[in-house]
Every structure is written in structure tokens, then in C-alpha cells.
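Colleague:
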Amino acid sequence: MGEPPSVVKKSEMLPWVIPEYCEACADCVNVCPVFGLEMWETDDRDFSIPWLSNPDTCIGCGKCEESCTWGAISMTAYVDDARERLFKKRPLGLLEQSEKKKFNLREAASKKIAIITCLDSKLHIEDVLQENRDNAYILRNAGHAITNCVIRSLVLSIDVLGVKEIIIIGHRMCELRHINIKDLKKVVESRVEEELKAMLGKPFKKWLELTNDPEASLKDQVEIIRQSKLIPQDIPITGLMYDEYNGHIYRVVGPDAKVTV
Numbered sequence: 011m012g013e014p015p016s017v018v019k020k021s022e023m024l025p026w027v028i029p030e031y032c033e034a035c036a037d038c039v040n041v042c043p044v045f046g047l048e049m050w051e052t053d054d055r056d057f058s059i060p061w062l063s064n065p066d067t068c069i070g071c072g073k074c075e076e077s078c079t080w081g082a083i084s085m086t087a088y089v090d091d092a093r094e095r096l097f098k099k100r101p102l103g104l105l106e107q108s109e110k111k112k113f114n115l116r117e118a119a120s121k122k123i124a125i126i127t128c129l130d131s132k133l134h135i136e137d138v139l140q141e142n143r144d145n146a147y148i149l150r151n152a153g154h155a156i157t158n159c160v161i162r163s164l165v166l167s168i169d170v171l172g173v174k175e176i177i178i179i180g181h182r183m184c185e186l187r188h189i190n191i192k193d194l195k196k197v198v199e200s201r202v203e204e205e206l207k208a209m210l211g212k213p214f215k216k217w218l219e220l221t222n223d224p225e226a227s228l229k230d231q232v233e234i235i236r237q238s239k240l241i242p243q244d245i246p247i248t249g250l251m252y253d254e255y256n257g258h259i260y261r262v263v264g265p266d267a268k269v270t271v
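Take 11 as the starting number for the sequence shown in my numbering and just add one per residue.
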């Protein structure tokens, strides 16, 4: 039968990991069909990065490169080709190491806060909050989308429950990002009437799908809340990123930061 056309011989192409770009999300490790990548601890960083531990196992399929939204993996025949990426513009939404700021969510919840986050069960927000979990009103939906229903809940949490800050928490390893939108669209459309689709206000496929750029999506959602006339202007709005691999929470958009998408 032979190899699929998309597979390149392992002697021609191998993945090269650029540590300076890696965000330790482990997506590349999870998608490797031959289990050739492993997470390795590094001496000069506080978390592990993926590495091709056994080059002989690699079939050159390129799935690791496709899964990396940070530009940290390059399928190349020459190491120098990968090194050139260090001097190219980084992908949209990527955080520089110097821009990363750890955020103490537990301390933030010493006052009443509203948290909007994804419904993915890997986000253990309640465990992070610990003794302050009763001060946090957590809203979950697919992709932490800011919908009319979420705005309604935020208004009630501020005016009735006394919430003092709004926090949106995104993450990278979302299982929903890997769904086949075309197949899902067919299944859902089979039971949805045309009138309901028209009420959505956007194309049905667009309504279902999630973005592949988690940082950019987070900034978009923060801006939607900031632009809402229903939310008081003096309520701080913070955008955070939860790293499932090491459990750290980083500030992406601070309450006083300008949003640039």
C-alpha cells in the first residue's frame, strides 16, 4: 500500500523545536502518531519543552508543526532553516517571555469577582481559588464567549452580588479546538430550523467554530465587555491565560492595558 502522500521520508524532514518560542502546551506531543516527541526538562527555564527524543521514529508527517500555534516547531531538512525563524516576526497573539506576568487569582478573589472561562474540565479554577472560591462567580461556556447571556449575568453579578472585577480566563489545550466543524455543522443543521439560524446573527458555521489563536480571542472578548454600555466603566476587566501543563496563570490583558488585536 505504501505511505500516504502527505508523509515525507524521515531522512528528508525532521521537526526542529525553537525553545524561545515554546509555550510548553504539549499539543505537538499529543498529536504525534508515532510518539516520537517527549517533554524534556530544561536547565535554564522553569518548565519542560518538547524534543524529538528518537529521530528514527519520525515519519515526517508534520502534524507537530501544524498543531503548534506559537511557531515553535519547524519541519526542516537543515537546522539553519529553523534558526532563521528566530529573526522573523512572531505569530499574532504570541506572548514574549518578558511580557509574561504571573497572576495570583487566589489573591484577586479576596474580593468578589466574576470569572468567565471555557467549559473544558482541564481548567481547575476552583482548585486555584482554594479558600476564596466562595467570592468567585464562575461562568463557563465553549471558548469563554461573551454573549448576551453572559453580559446579563455580569450585570446581575455587579449590581446584585457586589462583584468588583471581571476576569476572563483562556487556555491553549482546548479539546473543542480539535473538533471537525464541517461534520458538526451537518449534524446540528439537521435538527435546526432556518428561522433559528437567522436569529444567530452570523453564519451558522462561524457561530459554531472556535479560534485557533487563544490570545487574540481573549483580547477580543475583553474588548467586547469594555464596549458594553451595560457594564460600569469603573469595573476592572482582566484577561488571563491558564497553562494546563504547569498550572500557571498569566496576565495577557490587564485592567489598564490597551487592547491591540
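Where is the CB? At the ideal position from N, CA and C, for every residue including glycine.
(1) Using a 10 Å radius around the Cβ and a threshold of 16 neighbouring Cβ atoms, would you call Leu-228 buried or exposed?
(2) Apart from the five residues on each side of it in sequence, which residues of its chain come closer than 8 Å, Cβ to Cβ, to Glu-48?
(3) Considering Cys-5, what are the terminal residues of the alpha helix (DSSP H) in which it resides?
(4) Could you say which of Glu-141, Ala-152 and Gly-172 lies nearest to Lys-132 if we only look at CA atoms?
(5) Report the three-state DSSP secondary structure of Asp-91 (helix, strand or coil).
(6) Which residue comes first and which comes last in the beta strand (DSSP E) that contains Pro-60?
(7) Which residue or residues does DSSP assign as beta-bridge partners of Leu-139?
(8) If you run the structure through DSSP and keep just helix, strand and coil, what is His-154?
(9) Select from Thr-157, Ala-124 and Arg-116 the residue whose C-alpha is nearest the C-alpha of Val-138.
(10) Quick one: give me the first and last residue of the beta strand (DSSP E) that Cys-128 is part of.
(11) Just reading off the alpha helix (DSSP H) that Pro-224 is part of, what are its end residues?
(12) Measure from the alpha carbon of Ile-247 to the alpha carbon of each residue in Leu-166, Ile-123 and Asn-142, then state which is nearest.
(13) What three-state label does DSSP hand Pro-101 in the structure shown?
(14) In or out: Lys-121 buried (at least 16 other Cβ within 10 Å) or exposed?
Modeller: By the coordinates alone:
(1) buried
(2) Val-39, Pro-60, Trp-61 and Ser-63
(3) The question about residue 5 has no answer, for the chain in this structure spans 11 to 271.
(4) Ala-152
(5) Its pLDDT being 45, under 50, Asp-91 is placed unreliably by the model, and the measurement read from it follows with that caveat. Note: Asp-91 maps to helix in three-state DSSP.
(6) 59-62
(7) Its beta-bridge partners do not exist; DSSP assigns none.
(8) helix
(9) Arg-116
(10) For Cys-128, the enclosing beta strand (DSSP E) covers residues 123-128.
(11) 224-237
(12) Ile-123
(13) The pLDDT assigned to Pro-101 is 41, lower than 50, so where the model puts this residue is not dependable; a value taken from the coordinates is nonetheless given after this. Three-state DSSP puts Pro-101 in coil, outside helix and strand.
(14) exposed
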